[in-house]
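First residue of the sequence shown? That's 1 in full-length UniProt numbering, and the numbers climb one at a time after it.
Think of the CB as a built atom: it goes at the ideal place given N, C-alpha and C, for glycine as much as any other residue.
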Amino acid sequence: MYEKIKFVPSGDSGLILEVGNEISKDINKKIRALGYCIEEKKLDEIIEIIPTYTTILIIYDSIKSSYKELVEKLNDIEKSINNIKLPPAEVIHIPTLYGGDYGMDLENVAKHNGLTRDEVIDIHSSPNYLVYMLGFTPGFTYLGGMSEKISTPRLEIPREKIPAGSVGIAGSQTGIYPIDSPGGWQIIGRTPLKLFDPERNPSVLLKAGQYLKFEPVNEEEYHTICKKIIEDKYDIKKTILKGEE
Numbered sequence: 001m002y003e004k005i006k007f008v009p010s011g012d013s014g015l016i017l018e019v020g021n022e023i024s025k026d027i028n029k030k031i032r033a034l035g036y037c038i039e040e041k042k043l044d045e046i047i048e049i050i051p052t053y054t055t056i057l058i059i060y061d062s063i064k065s066s067y068k069e070l071v072e073k074l075n076d077i078e079k080s081i082n083n084i085k086l087p088p089a090e091v092i093h094i095p096t097l098y099g100g101d102y103g104m105d106l107e108n109v110a111k112h113n114g115l116t117r118d119e120v121i122d123i124h125s126s127p128n129y130l131v132y133m134l135g136f137t138p139g140f141t142y143l144g145g146m147s148e149k150i151s152t153p154r155l156e157i158p159r160e161k162i163p164a165g166s167v168g169i170a171g172s173q174t175g176i177y178p179i180d181s182p183g184g185w186q187i188i189g190r191t192p193l194k195l196f197d198p199e200r201n202p203s204v205l206l207k208a209g210q211y212l213k214f215e216p217v218n219e220e221e222y223h224t225i226c227k228k229i230i231e232d233k234y235d236i237k238k239t240i241l242k243g244e245e
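Right, dumping it as structure tokens:
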């Protein structure tokens, strides 16, 4: 982590705050604190705040503020973050049907790591995964916290279409496909939850700084949840993280 954040211009209406140069929870915590403080200030010139692994991209109205003026304001905000108590992190519980037609690569992952299917499921569904950032496709989450015990290389030949909600593993990362899209991740399960819905406000289910936890369900439970979602009767389970992971 840098002792002092670095400011880098990005076009004529963007400003990047560089917090560090490696993926870590300490850097993520500072990014969350900065993002929270900037949002709380409600600066009129700021249009959007986009956190990533090690940076924050600020999109701003260059008519309302110059780059230099905004940097001065953000410098002042950084000085105050040590006194800020972040709100407790939320854990979003993700019901997941593992294996079979919904997780066609579960056997591959088990075989690659010398495990049984059930052991892969237990290992994968145990942690609270930190949402570091969103990207790639709308609502796609970059997660931290997967065990190396189930790390598995990408498919040699990507599939042309991965269904929305598919839960996959690529190397030492795990994630959920929010929309139908091509992909080369090893698919081990699927959630009925919609991570991206353009008709919903907000359209994305998860945001950076939250945690998610995969909860195994059977096929009957999966279809029951699907029905409730269609009928708008399903309440997503949310809990508060107990202590820092």
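Beta carbon of LEU97, beta carbon of VAL217: below 8 Å?
yes
Does DSSP put GLY171 in a helix, in a strand, or in coil?
strand
For VAL217, the three-state DSSP class (helix, strand or coil):
coil
By DSSP, does LEU130 sit in helix, in strand, or in coil?
strand
What residue range does the beta strand (DSSP E) around SER181 cover?
181-183
In whole angstroms, what separates the C-alpha of residue 259 from that of GLY171?
The question about residue 259 has no answer here: the residues shown for the chain are numbered 1 through 245.
Please give me, in chain order, every unbroken run of the alpha helix (DSSP H) with length at least 4 that falls completely inside the region 18-88.
25-41, 67-80
In terms of DSSP beta bridges, what is ARG190 paired with?
LEU97, SER166
Note down, in chain order, each residue of its chain lying with its Cβ closer than 8 Å to the Cβ of ILE123, except the 5 sequence neighbours on either side.
LEU115, SER147, LYS149, ILE150
Beta-carbon separation of TYR60 and ILE81 under 8 Å?
no
Same chain, Cβ closer than 6 Å to LYS194, neighbours up to 5 away in sequence not counted:
none
If you reduce the DSSP assignment to three classes, tell me which class ILE92 lands in.
strand
Determine the burial state of ARG190: buried for a count of at least 16 other Cβ atoms within 10 Å of its Cβ, exposed for fewer.
buried
Quick one: give me the first and last residue of the beta strand (DSSP E) that ILE236 is part of.
Careful: ILE236 lies outside any beta strand (DSSP E) and carries neither H nor E.
Is the region 200-212 in contact with the region 124-143, if contact means three or more CB pairs nearer than 8 Å?
yes
Assign LEU106 to one of three DSSP states: helix, strand, or coil.
helix
For THR141, three-class secondary structure by DSSP
strand
Is residue 247 helix, strand or coil by DSSP?
In this structure the chain extends from 1 to 245, so residue 247 is not present and cannot be described.
Near LYS237, which residues of its chain fall below 6 Å by C-beta distance, leaving aside the five closest residues on each side in sequence?
HIS93
Got a sec? Which residues, its chain only, sit under 6 Å from TYR142 by beta carbon, not counting five neighbours each side?
TYR132, MET133
Taking 8 Å as the CB-CB cut-off, is GLU72 touching chain B?
Among the protein chains of the structure shown there is no chain B, as only one such chain exists.
Using the C-alpha atoms, what's the distance from ASP105 back to GLU219?
17 Å
Identified DSSP bridge partners for LEU212
ILE92, TYR129
CB of ILE56 within 8 Å of CB of ILE49, strictly:
yes
From the DSSP output, in three-state form, read off residue 250 for me.
Here the chain has residues from 1 to 245 only, and residue 250 is not among them.
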